[in-house]
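Notes follow once the structure below has been shown.
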Amino acid sequence: MTRLLIPDSGPLFSLAAGNLLPLLANFNVGITDIVRDETVNKGQKANASKEAQSLLDYYNANSANISTFPTQVGALIATQRRLEPNYRLPPNLGELSIQSLLTELEITSPWASPVVLFEDSWFLNNATSLTKPYVLLSTQAFLEYAQEKKWIKSAARAREAIAKARPMAYKESVSVLSSGGPP
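Mind the numbering: the sequence shown is residues 27 to 209 in my numbering, read in order.
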């Protein structure tokens with residue numbers, strides 16, 4: 027069984043910036059409703075970034091292999107936007123939607139041990155409160171894994187390609203296996 031890869035928005039934009047989205051084809055990918063709104067749906071806008079357009083194109087070509095998960099956070103935001111169309115979104119919604127999905131997976135699929143692909147310290151700072159089991163994997167650790175699997179020639183070159191468009195993207199190589207689940 028292939029683990030579910032749950033990317034946050036930052037890694038998706040980084041993979042798009044580095045022309046590395048095809049790496050996702052090696053996984054069962056699941057995105058939350060909020061992450062989809064922050065990434066894929068932005069590609070539909072007239073002023074969309076090159077990365078958002080790439081994400082939309084990739085999603086349209088591979089939607090049969092990408093699951094979008096509704097979350098409580100997403101439902102609450104959708105309701106709030108209907109009531110107040112110019113509602114200012116609070117920070118960390120993608121992260122919170124992933125936390126919501128992890129909670130749902132623990133209840134509905136307790137044997138699952140999803141891999142969360144991240145690019146900011148929010149996940150590390152909140153790791154102890156995340157529902158277990160899970161694996162946290164930074165984009166850099168993901169690139170190193172892809173190199174190890176020979177899906178890419180060089181994690182360093184992939185990082186350079188990302189840095190051209192996203193010089194401030196999270197560069198640390200971090201992987202965390204939560205306690206309470208299978209490795």
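Ideal Cβ placement from N, Cα and C applies to all residues, glycine included.
Since the model is a prediction, treat every value here as computed from it, not as a measurement.
Counting only the same chain and skipping the five closest in sequence on each side, list residues whose C-beta sits under 7 Å from that of Ser126.
-> Thr97, Gln98 and Val99
Reference Ile32, options Ala195, Ile60, Tyr113 and Glu186, closest by Cα | Ile60
Can you say whether Thr134 is buried or exposed, counting buried as having 16 or more other CB atoms within 10 angstroms of its CB?
-> Its Cβ having fewer than 16 others within 10 Å, Thr134 is exposed.
In whole angstroms, what is the alpha-carbon distance linking Thr165 and Lys190?
-> The alpha-carbon atoms of Thr165 and Lys190 are separated by roughly 15 Å.
Between which two residues does the alpha helix (DSSP H) containing Val141 stretch?
-> Where Val141 is concerned, there is no enclosing alpha helix (DSSP H), although the beta strand (DSSP E) it sits in stretches over Val141 to Phe144.
Collapsed DSSP secondary structure at Pro61 in the structure displayed = Looking at the sequence shown, residue 61 is not Pro but Val. The answer is helix: DSSP assigns Val61 an H, G or I state.
Under 9 Å between C-beta atoms of Val161 and Arg29 | yes
Check the C-beta distance from Leu38 over to Thr65 and give it rounded, since I have them as a contact under 8 Å.
-> With a Cβ gap of about 5 Å, Leu38 and Thr65 count as contacting.
Pull up the DSSP beta-bridge partners for Thr94, would you.
-> Ile57
Whole angstroms is fine: what's the gap from Leu203's alpha carbon to Trp137's?
-> 15 Å
The alpha helix (DSSP H) spanning Pro37 covers which residue range?
-> Here the alpha helix (DSSP H) through Pro37 covers Ser35 to Ala43.
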